[in-house]
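Worksheet: one structure, shown below.
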Amino acid sequence: STPRPLQRQDTQTRVRMALRRQKHRCLIDPRRARFLPYWDVVTTLALAFTILVTPAEVAFSDDQQELDVLWWMNRVVDAIFVGDMLLQFVVMYPEGTDHQLGDGLHWVSDRRKIAMHYLTSWFVIDLFSIAPVTFDVLPLISPSTSALNDYFMLRAARILRLIKLVRLARTSRILKRWQ
1 STPRPLQRQD TQTRVRMALR RQKHRCLIDP RRARFLPYWD VVTTLALAFT ILVTPAEVAF
61 SDDQQELDVL WWMNRVVDAI FVGDMLLQFV VMYPEGTDHQ LGDGLHWVSD RRKIAMHYLT
121 SWFVIDLFSI APVTFDVLPL ISPSTSALND YFMLRAARIL RLIKLVRLAR TSRILKRWQ
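Heads up: the sequence shown begins at 1 in this note's numbering, then just goes up one per residue.
This is the structure:
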């Protein structure tokens, strides 16, 4: 039979490990998350859609606010990018001296640090890239009465849709995660 102090130490170790697992339970470790590579493919496809469709949409759209297939596809793409923004608040990130060699590298698992890291790095760019959605959805929520106001709103919406191309900056974040 095993001496009692060893059993107690073993129990304490198991409790510590369980608490550590619980602490990371709602965090996503990119090294172990099976769905993250699939999510990266989805966001890459959404980026490709944005790259191909947005310039043509801005150049050739008739400025009519119709709920057609293209409008709905844009909302799906917007939802993907909003989902990706939310996801970034729970994805652990590497921190250290050399990402290539792994020297001094560790993965940050503190929620507050992860949130601050995202808020001080990509958040503003991501938020800026989804801002044009308001110009597509706002006219449906609050129809305007002034024709001149409508004209300027549609012109602004057309130009601001190009801001969606800022989403291209995400490709570097995805590529960095694949390295």
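The beta-carbon is built from N, C-alpha and C at its ideal position, and this holds for glycine as well.
Fair warning: this is a prediction, and the values are worked out from it, not measured in the lab.
Assigned secondary structure, residue i (DSSP; H/G/I helix, E/B strand, else coil)
i, result
"D90", "The amino acid at residue 90 is misidentified as Asp; the sequence shows Val. It is coil, neither helix nor strand."
"W107", "strand"
"R14", "helix"
"A33", "coil"
"T120", "coil"
"D40", "helix"
"G96", "coil"
"D78", "helix"
"S129", "helix"
"L67", "coil"
"S61", "coil"
"L168", "helix"
"R173", "helix"
Proximal residues to residue i (C-beta, below 7 Å), its chain only, five neighbours per side dropped
i, result
"I130", "D78, F81 and V82"
"P30", "L36, V91, M92 and R177"
"L47", "R167, L168, R170 and T171"
Cβ neighbours of residue i in the same chain (closer than 8 Å, five flanking residues each side left out)
i, result
"L148", "For L148, the pLDDT reaches just 46, beneath the cut-off of 50, and the residue's location in the model is therefore unreliable, leaving the point undetermined."
"F49", "M73 and V77"
"Q12", "none"
"L27", "V90, V91, M92, S109, R111 and I114"
"D84", "W39, T43, D126 and R170"
Which residues DSSP lists as bridging residue i, in chain order
i, result
"I28", "V91"
Quick test of the definition: if touching needs 3 or more C-beta pairs under 8 Å, does the region 40-56 touch the region 75-82? yes
- prompt: For the 8 Å Cβ check, are there 3 or more pairs between the region 82-92 and the region 114-130?
  reply: yes
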